[in-house]
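Report on one structure; see the data block that follows.
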Amino acid sequence: MGLNQIIRFILSHPMNRGRPVASLARFAAWQVRSRLQDEVIVDWISGAKLAVRRGMSGATGNIYCGLHEYVDMRFVLDILQPEDLFVDVGANIGSYTILAAKVCNARVIAVEPDPGTSRALRRNIAINGIAGSVHVVEAALGASGGRVSFTVGLDTVNRVAQTGDLNTREVALRTLDEVLDGEVPRIIKIDVEGFEAEVLKGASATLHDDRLKAIITETLDQDVEALLTRAGFERAFYDPETRIVGHVPVVRSANALMVRPSLYNAPRQ
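Numbering-wise, my numbering puts 884 at position 148 of the sequence shown, and it's gapless, one number per residue.
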């Protein structure tokens, strides 16, 4: 984002409404602190902390706004119960992982293929004291196992390499069904920069188990929606203020939410 986009994002965020001066002061304070310290430990929510370095766009939105992806993060916080299993595919530095394990007391499988980002993820797990609740899988997920080229140095948009990508490394490729080995999560979050359909193709057994109630996906293209629809999921929208899972969008969300029909708690419009 450019500076103007960041400012608009901060001022329009639900957790900053009515507090423009305080919100911009947090932004300014981060710009100063991140230039003076290589790593900043930030107090987050409900006792959680974030270890953040300059340029970690997957974390700075939480500093500016509390919950970067407000609707989706609130859904996780409101739906997950202690001892539920949450799967964070494309965990990055661990924002969702920390919410699930530290705040909700859930168990987490965090999948992050980039070694550098995985180190930052493990650092955040350590400072939050949740190593016993989180299993980190350092691999990409796809329709089959093996090896795959993965981009380097793109922060939150690192991805399985495409034709023309020059700065890449080879990483392990596994399927979600194999990683889970029969366990079934309550919620899966997938943020893999357009590789979502391949991840889902390797999760057929998991998707068809009714114990899986919801999937938060960054990409909801025709292939992704078809795979999830065949597994019994429907498009849904979450309202954090009323805690209603409904059929009509109320608040703008960064990702798409697909749920089992049993999770709806609002009448069909």
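Cβ atoms here follow ideal geometry from the backbone N, Cα and C, with glycine treated the same way.
**Prompt:** Any chance the region 827-834 sits against the region 782-795, with 3 or more Cβ pairs inside 8 Å?
**Reply:** A contact exists between the region 827-834 and the region 782-795.
**Request:** Could you tell me whether the region 869-889 touches the region 928-939, where touching means 3 or more Cβ pairs closer than 8 Å?
**Result:** Touching, yes.
**Range covered by the beta strand (DSSP E) that runs through Ser793** = By one-based count along the sequence shown, residue 793 stands at place 57. No beta strand (DSSP E) holds Ser793; the alpha helix (DSSP H) holding it covers 793-801.
**Request:** Give the range of the beta strand (DSSP E) segment to which Gly882 is assigned.
**Result:** Mapped onto the sequence shown, residue 882 falls at position 146. Counting along the chain, Gly882 sits inside the beta strand (DSSP E) bounded by residues 882-887.
**For Val981 and Ala962, the rounded distance between their alpha carbons** = By one-based count along the sequence shown, residue 962 stands at place 226. By one-based count along the sequence shown, residue 981 stands at place 245. Roughly 21 Å between the two C-alpha positions.
**Prompt:** If you count every other CB in all the chains shown that lies within 10 Å of the CB of Arg895, and 16 or more means buried, which is it?
**Reply:** The sequence position of residue 895 within the sequence shown is 159, counting from 1. So Arg895 counts as buried.
**Request:** Using alpha carbons as the reference points, say which of Gly889, Pro750, Gly852, Asn841 lies closest to Ala867.
**Result:** The residue labelled residue 867 in the question sits at position 131 within the sequence shown. Ranking Gly889, Pro750, Gly852, Asn841 by Cα distance to Ala867 puts Asn841 first.
**Assumed close pair Ala795, Ile829 - CB separation to whole angstroms, cut-off 8 Å** = Walking along the sequence shown from the start, residue 795 turns up at place 59. Walking along the sequence shown from the start, residue 829 turns up at place 93. Indeed, because the Cβ distance is near 5 Å, the residues count as touching under 8 Å.
**Request:** Spell out the partners DSSP gives Lys925 in its beta bridges.
**Result:** Start at 1 with the first residue of the sequence shown, and residue 925 comes out as number 189. Lys925 pairs with Asp824, Ile952.
**Request:** Return the chain-ordered ranges of every beta strand (DSSP E) run that is complete within the region 743-814 and spans a minimum of 3 residues.
**Result:** Runs of the beta strand (DSSP E) inside the region 743-814: 776-779, 785-788.
**Request:** Write down the C-beta distance between Arg771 and Arg790 rounded to the nearest angstrom, noting that I regard them as a contact closer than 8 Å.
**Result:** Taking the first residue of the sequence shown as 1, we reach residue 771 at position 35. Taking the first residue of the sequence shown as 1, we reach residue 790 at position 54. About 7 Å separates the two Cβ atoms, so the contact holds.
**Request:** Please work out which residues of its chain come closer than 6 Å, Cβ to Cβ, to Asp820, disregarding the five sequence neighbours upstream and downstream, and give them in chain order.
**Result:** By one-based count along the sequence shown, residue 820 stands at place 84. Result list for Asp820: Ala842, Arg922, in chain order.
**Message:** If you reduce the DSSP assignment to three classes, tell me which class Leu964 lands in.
**Reply:** Sequence index remark: in the sequence shown, residue 964 carries index 228 (1-based). Looking at Leu964 - three-state DSSP - the assignment turns out to be helix.
**Asked** At which residues does the beta strand (DSSP E) containing Val870 begin and terminate?
**Response** Translated into positions along the sequence shown, residue 870 becomes position 134. Its beta strand (DSSP E) spans residues 870-873.
**Residues bridged to Tyr974 (per DSSP)** = As a working note, residue 974 is residue 238 in the sequence shown. BP columns for Tyr974 point to Val981.
**Item:** DSSP three-state assignment for Glu705, whether helix, strand or coil
**Value:** Because the chain in this structure spans residues 737 to 1005, residue 705 falls outside the shown range and cannot be described.
**Prompt:** Between which two residues does the alpha helix (DSSP H) containing Ala862 stretch?
**Reply:** The residue you call residue 862 lines up with position 126 of the sequence shown. It spans 851-863 - the alpha helix (DSSP H) in which Ala862 sits, taken as one unbroken run.
**Request:** Within its chain, find whatever has a CB closer than 6 Å to the CB of Ala1002; leave out the 5 residues flanking it on each side and keep chain order.
**Result:** Within the sequence shown, the letter at position 266 stands for residue 1002. Around Ala1002: Ile980, Gly982.
**Asked** Does the distance from the C-beta atom of Val825 to that of Val928 stay below 8 Å?
**Response** Locating residue 825 in the sequence shown gives position 89, counting from the first residue. Locating residue 928 in the sequence shown gives position 192, counting from the first residue. In contact: Val825 and Val928 (Cβ atoms closer than 8 Å).
**Request:** Give the DSSP bridge partners of Leu993, in chain order.
**Result:** Here residue 993 refers to the residue found at position 257 of the sequence shown. DSSP output for Leu993 lists Ile952, Ala972 as bridge partner(s).
**Asked** When you compare each of Arg858, Phe811, Thr887, Met751 to Gly900 by their alpha carbons, which one comes out closest?
**Response** In the sequence shown, the residue the question calls residue 900 occupies position 164. Of the listed residues, the one whose Cα sits closest to Gly900 is Thr887.
**Asked** Where does Val907 fall in DSSP's three states?
**Response** In the sequence shown, residue 907 corresponds to position 171, counting from 1. Of the three classes helix, strand and coil, the one that applies to Val907 here is strand, per DSSP.
**Asked** What's the C-alpha gap between Arg883 and Leu916?
**Response** For the purposes of this step, residue 883 is taken as residue 147 along the sequence shown, with counting starting at 1. For the purposes of this step, residue 916 is taken as residue 180 along the sequence shown, with counting starting at 1. Here the alpha carbon of Arg883 sits roughly 19 Å from the alpha carbon of Leu916.
**Item:** CB contact flag (Val807, Val987, <8 Å)
**Value:** The residue labelled residue 807 in the question sits at position 71 within the sequence shown. The residue labelled residue 987 in the question sits at position 251 within the sequence shown. Taking 8 Å as the cut-off, the Cβ atoms of Val807 and Val987 count as close.
**Asked** In its own chain, which residues sit with a C-beta less than 8 Å from the C-beta of Glu906, not counting the 5 before and 5 after it?
**Response** Here residue 906 is taken as the residue at index 170 of the sequence shown, counted from 1. These residues qualify, in order along the chain: Arg883, Val884, Ser885, Phe886.
**Prompt:** Which residues in the same chain as Val778 place their Cβ atom closer than 7 Å to its Cβ, once the five residues preceding and following it in sequence are excluded?
**Reply:** As a first step, residue 778 must be located in the sequence shown, where it is residue number 42. Cβ neighbours of Val778 beyond the five flanking positions: Lys785, Leu786, Val788, Ile799.
**Prompt:** CB Leu948 to CB Ile924, shorter than 8 Å?
**Reply:** Your numbering for residue 948 matches position 212 in the sequence shown. Your numbering for residue 924 matches position 188 in the sequence shown. The Cβ atoms of Leu948 and Ile924 lie closer than 8 Å to each other.
**Request:** Quick one: grab the DSSP three-state call for Leu943.
**Result:** Within the sequence shown, the letter at position 207 stands for residue 943. Three-state DSSP puts Leu943 in a helix.
**Prompt:** Assuming Phe822 contacts Leu816 under a Cβ cut-off of 8 Å, what Cβ separation, rounded to an integer in Å, is found between them?
**Reply:** The residue you call residue 822 lines up with position 86 of the sequence shown. The residue you call residue 816 lines up with position 80 of the sequence shown. Sure, about 6 Å apart at Cβ, within 8 Å.
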